[in-house]
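Colleague:
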Amino acid sequence: MIHHANHLRPKVDGIKVGGHQASCASMVQIITALYFSALKPEDRVAVKPHASPVFHAMQYLMGLQTREALEAFRGFGGAQSYPSRTKDIDDVDFSTGSVGLGVAITSFASIVQDYITAKTWGADVPLGRMVALVGDAELDEGNVYEALQEGWKNDLRNCWWIIDYNRQSLDGIVREGLFSRIEKIFAVFGWDVVRIKHGALQRAAFAEPGGAKLRDWIDSCPNQDYSALTFMGGAVWRGRLMNDLGDQGDVSALIDRRSDDELADLMENLGGNCVTTMAETFAAHDHERPTCFLAYTIKGWGTPIAGHKDNHGGLMTNAQFDAWQDHMGVPAGQEWDPYATIEDVEAFKSSLGEVPFFAKGRRRFKDDKLAVPPVTSPSDKRISTQAAFGKILDDLSKGDSDLARRIVTTSPDVTGTTNLGAWVNRRKLFARAEMADAFIEHKIPSTAKWNFAPDGQHIELGIAEMNLFLLLGAAGLSHSLFGRRLIPIGTLYDPFVCRGLDALNYACYQDARFIVVGTPSGVTLAPEGGAHQSIGTPLIGMSQDGLSAFEPAFADELAVIMEWAFEYLQRDGDVGLDERTWLRDETGGSVYLRLTTNPIEQPGKRVDDDFRQGAIDGAYWLKKPGPNCELVIAYQGAVAPEAISAAGVLGEGRRDIGVLAVTSADRLNAGWLAAQRARTRGQRQALSHVERLFADLPRQCHLVTVIDGHPTTLSWLGSVAGHRTHPLGVEHFGQTGTIGDLYHHFAIDAAAIVAAVDGLTAGKRVGNGLMAHTGAF
57 MIHHANHLRP KVDGIKVGGH QASCASMVQI ITALYFSALK PEDRVAVKPH ASPVFHAMQY
117 LMGLQTREAL EAFRGFGGAQ SYPSRTKDID DVDFSTGSVG LGVAITSFAS IVQDYITAKT
177 WGADVPLGRM VALVGDAELD EGNVYEALQE GWKNDLRNCW WIIDYNRQSL DGIVREGLFS
237 RIEKIFAVFG WDVVRIKHGA LQRAAFAEPG GAKLRDWIDS CPNQDYSALT FMGGAVWRGR
297 LMNDLGDQGD VSALIDRRSD DELADLMENL GGNCVTTMAE TFAAHDHERP TCFLAYTIKG
357 WGTPIAGHKD NHGGLMTNAQ FDAWQDHMGV PAGQEWDPYA TIEDVEAFKS SLGEVPFFAK
417 GRRRFKDDKL AVPPVTSPSD KRISTQAAFG KILDDLSKGD SDLARRIVTT SPDVTGTTNL
477 GAWVNRRKLF ARAEMADAFI EHKIPSTAKW NFAPDGQHIE LGIAEMNLFL LLGAAGLSHS
537 LFGRRLIPIG TLYDPFVCRG LDALNYACYQ DARFIVVGTP SGVTLAPEGG AHQSIGTPLI
597 GMSQDGLSAF EPAFADELAV IMEWAFEYLQ RDGDVGLDER TWLRDETGGS VYLRLTTNPI
657 EQPGKRVDDD FRQGAIDGAY WLKKPGPNCE LVIAYQGAVA PEAISAAGVL GEGRRDIGVL
717 AVTSADRLNA GWLAAQRART RGQRQALSHV ERLFADLPRQ CHLVTVIDGH PTTLSWLGSV
777 AGHRTHPLGV EHFGQTGTIG DLYHHFAIDA AAIVAAVDGL TAGKRVGNGL MAHTGAF
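Here the working numbering is used: the first residue of the sequence shown is 57, the next is one more, and so on.
1) On the three-pair Cβ rule with 8 Å, is the region 615-631 touching the region 724-732?
2) How do the region 551-567 and the region 151-170 stand: do at least 3 beta-carbon pairs fall below 8 Å, yes or no?
3) Only counting runs of 3 or more residues, tell me where the beta strand (DSSP E) segments fall wholly within the region 492-572, in order along the chain.
4) Write down the C-beta distance between residue 218 and residue 90 rounded to the nearest angstrom, noting that I regard them as a contact closer than 8 Å.
5) According to DSSP, residue 215 sits in a beta bridge with which residue or residues?
6) Which residue from 109, 763, 305, 182 puts its Cα closest to that of residue 607?
7) Please classify residue 500 as buried or exposed, where buried requires at least 16 neighbouring CB atoms within 10 angstroms.
8) With contact counted as at least three CB pairs below 8 Å, one residue from each stretch, are the region 93-110 and the region 407-415 in contact?
9) Locate the beta strand (DSSP E) running through residue 102, then write down its first and last residues.
10) Can you say whether residue 609 is buried or exposed, counting buried as having 16 or more other CB atoms within 10 angstroms of its CB?
11) CA-CA distance, residue 752 and residue 735?
12) When the Cβ atoms of the region 241-261 are set against those of the region 324-342, are three or more pairs found closer than 8 Å?
13) In the DSSP output, which residue or residues are listed as bridge partners for residue 468?
14) What distance in whole Å lies between the Cβ atoms of residue 524 and residue 533, which are believed to be in contact at a cut-off of 8 Å?
15) Should the region 650-665 be regarded as contacting the region 431-438, the criterion being three or more beta carbon pairs within less than 8 Å?
16) Would you say residue 572 and residue 624 are within 8 Å of each other, going by their C-beta atoms?
17) With distances taken between CB atoms, is the gap from residue 602 to residue 650 smaller than 8 Å?
18) Do you know offhand how far residue 203's Cα is from residue 137's?
19) Could you tell me which uninterrupted alpha helix (DSSP H) segments, each at least 4 residues in length, are contained entirely in the region 639-675, listed from first to last along the chain?
20) Counting C-beta neighbours from all protein chains within 10 Å, is the total for residue 630 16 or more, i.e. buried, or is it exposed?
21) Count the other C-beta atoms from every protein chain shown that fall within 10 angstroms of the C-beta of residue 105, then say buried if there are 16 or more, exposed otherwise.
22) Within 10 angstroms of the Cβ of residue 265, are there 16 or more other Cβ atoms? Answer buried if so, exposed if not.
23) Leaving out five residues on either side along the sequence, give the residues of the same chain with a beta carbon under 8 Å from the beta carbon of residue 477.
24) Can you tell which of 547, 57, 284, 682 has its C-alpha closest to the C-alpha of residue 223?
25) Candidates 86, 758, 232, 755: which alpha carbon is nearest residue 114's?
26) Assign residue 566 to buried or exposed, taking buried as 16 or more other Cβ atoms, counted over all protein chains shown, within 10 Å of its Cβ.
27) Looking at the structure shown, is residue 827 part of a helix, part of a strand, or coil, going by DSSP?
28) Within 10 Å of its beta-carbon, does residue 611 have 16 or more other beta-carbons around it, so buried, or fewer, so exposed?
29) Taking residue 679 as the reference, which of 715, 216, 547, 704 has the closest Cα?
30) Can you give the Cα-Cα distance for residue 547 and residue 443, rounded to whole angstroms?
31) Going by the CB atoms, is the gap between residue 359 and residue 372 shorter than 8 Å?
32) Rank 306, 700, 626, 749 by C-alpha distance to the C-alpha of residue 806 and give the top, closest one.
33) In the DSSP output, what is residue 882 paired with across the bridge?
34) Measuring CA to CA, which of 708, 529, 545, 143 is closest to residue 448?
35) Tell me whether the region 767-784 and the region 569-587 touch, counting them as touching only if at least three CB pairs, one residue from each stretch, are closer than 8 Å.
36) Can residue 565 be considered in contact with the ligand MN, in the sense that its beta carbon sits closer than 7 Å to one or more heavy atoms?
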């Protein structure tokens, strides 16, 4: 597959396709033993990214992958470079690619499995093992150790990490002694650690006279020397061993009894490259304790590039490949025949049919969609969107809907400060065993009533945002992995979305379904200073595929959006575009809510369809422009009162001012771009939501956009219909102060909006009248 992609398939671009031949070769025996002897259908596996071709080949053998996809490996529409739930046709459990994330998500999937099976509605789900096939260099990633700690806190079980310890990475050889330290870390966090260093051939040799000396030599040989000797082959192995161990009678005889090829086979028969050894090791571990298998392997095992320090990105030449194919006994022309080297094909097929893991075919489950009860807005006259979020969840927690029973919340040590407290007090925290709150027992007053129980619906995390998004990713796949749908909701401080961004992207790439709430956000979190004031997160929301981003200003907008989001998470339709908005809404996805702690005056009760649909589609007219509109102020989020106040002042000197309430620059922009693409393809009548909103604006109308975030978020609005635009927002790190101080400093307050208009348009200057307006409805 890799050779075909790089040397046989026509190259349009003239560049190397790649495919990691050496990294694949070191994993063949591990994957064979795992899938064909150890796994059950309920087990789930995250495959080492660079072992993707081995996985695809195995799926091809079992009838779950096509030859056409393998021939197009790393090409358009072909088998993917790294296993992908959304791009590959074979039975991928977890997408992998960004190293370390596939490892860690298995521990969170195990926690999610325990969460589901502890509930009455999930008690019949069979427990499986969550398995990660790990490249040893993946353990350089810090998120792995964050996950280890979280697993210990949540009593992790039924999780295997199988490390392909080939001691080589992209740039060199692994340092001596590193893994003795890593083993200690696993042990500290309650894992069993199993070293699998010697294969069956080596163990048999060790039983011969002189074998103990050979074993001691192997165990003490430096990684670099072992790799170099492997590459150079049997004669060089003999010379080195005789130089170090010769003239000792029994061990010299042990070496002399073997030809150069046999000696090379012996020395390269490490535990991870021995199917028998791996299968026996897996079979011996039938407990539920988390287990790390450290499987010693040869990178590039069995190939001409085995052991070479440059083999990570290296490829066999045509001559090397031809010799290797001859050595493997595969006749020319039968390279794609899955049974090319099998003598009794029918017997072999029969044995494959008895492999437990593949007995049930593809293991993608579905679950019924949950009815969404009406979500009502809090009645407070002044409230922040963060507080409204907490009240909406609290209201759901009081009910008995199926939706409420399937909600699972989580937060990285900011549960209380992101307004999840009321929900948690009613619905409790999850743990497999009951744990009482000592403060309650001793009658110590506290707003947090934290009882842990199997029926709890909140998973508390330590302050590690990567873990948050990995847990959301695992929980957001529960309907597919375990056949039970969850509605995961995670909260974190908005600036720290960036800290977990790789895991957020990873979760979306797998098409996991969840709601993430970034709050508080922006410089509106004034007293906290620049380190806690987010700037670019609205742009992350716009650019992240699989995530619909919203930033409502008012509680009723949030209620509408959350009701829609609960249903949107459950959609799994085709990729057709909605011709009303030109959004891919039928496919569903995840949702990001950017909220704030600033309480603002709320509008009166609004129930009209334009408002409700506009809040979902991304914008609606808070103040509809007149026929001679000179100015539109478009705002998103917490700065709503500033925009409203400025509009009131400016209305004294300019006609027909419009105020556009943007709830989702992301959805507005996505619909606009999609409609443009539709028009280029011949659908001339395609109009997006924002184009219809702007359809009646005069060409000479000016736009001022304002957001507590990067101004680019809304600056593109001027391109929709060619209106001159002045974008206001935050471009630099914030600092401490009051909200008024920082709004004024960053020129996103009402006065700055008025000043922008005065400088942009020819009309009566009205800035002096600003103090008379408060931004009230």
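A virtual CB, placed ideally from N, CA and C, is assigned to each residue, including glycine.
Modeller: Taking the geometry as given:
1) By the Cβ test, the region 615-631 is not in contact with the region 724-732, since fewer than three Cβ pairs between them sit closer than 8 Å.
2) Flag = yes, the region 551-567 and the region 151-170 touch.
3) List check, beta strand (DSSP E) in window: 514-517, 543-548.
4) With 8 Å as the limit, residue 218 and residue 90 qualify as a contact, their Cβ atoms being about 7 Å apart.
5) Answer by DSSP bridge pairing, in chain order: 186.
6) Checking every option, the nearest Cα to that of residue 607 belongs to 763.
7) The residue is exposed, with fewer than 16 neighbouring Cβ atoms inside 10 Å.
8) At 8 Å Cβ cutoff, the stretches touch.
9) Per DSSP, residue 102 belongs to the beta strand (DSSP E) from 100-102.
10) Its Cβ being crowded by 16 or more others within 10 Å, residue 609 is buried.
11) Each residue's Cα considered, the two are about 20 Å apart.
12) Yes, since at least three Cβ pairs between the region 241-261 and the region 324-342 fall closer than 8 Å, the two stretches touch.
13) DSSP lists 517 as the bridge partner or partners of residue 468.
14) Going by Cβ atoms, the distance from residue 533 to residue 524 rounds to 15 Å, so no, they are not a contact pair.
15) Contact holds: three or more Cβ-Cβ distances are below 8 Å.
16) Residue 572 places its beta carbon 8 Å or farther from that of residue 624.
17) In this structure, the beta-carbon distance from residue 602 to residue 650 does not fall below 8 Å.
18) Cα to Cα, the separation comes out at about 25 Å.
19) If you keep only unbroken alpha helix (DSSP H) runs of at least 4 residues inside the region 639-675, you get 665-673.
20) So residue 630 counts as exposed.
21) Buried is the call here.
22) With fewer than 16 other Cβ atoms within 10 Å, it is exposed.
23) Once the five neighbours on either side are set aside, the close Cβ partners of residue 477 are 446, 471, 503, 504.
24) Minimum Cα distance to residue 223 is reached at 284.
25) That would be 86, whose Cα lies nearest to the Cα of residue 114.
26) Result: buried.
27) In this prediction, residue 827 scores a pLDDT of 45, lower than 50, which makes its location untrustworthy; no coordinate-derived value is stated.
28) Buried, by the Cβ-count rule.
29) Taking only the C-alpha atoms, the option nearest residue 679 is 715.
30) CA-to-CA, the gap between residue 547 and residue 443 works out to about 13 Å.
31) A contact, by the Cβ cut-off of 8 Å.
32) It is 700 whose Cα lies nearest to the Cα of residue 806.
33) The shown model of the chain, from 57 to 833, leaves out residue 882, and the question about it has no answer.
34) Nearest neighbour of residue 448 by Cα position, chosen from 708, 529, 545, 143, turns out to be 545.
35) Because the criterion of three Cβ pairs below 8 Å is not met, the region 767-784 and the region 569-587 do not touch.
36) Ligands are entirely absent from the displayed structure, and the ligand MN is therefore not among its contents.
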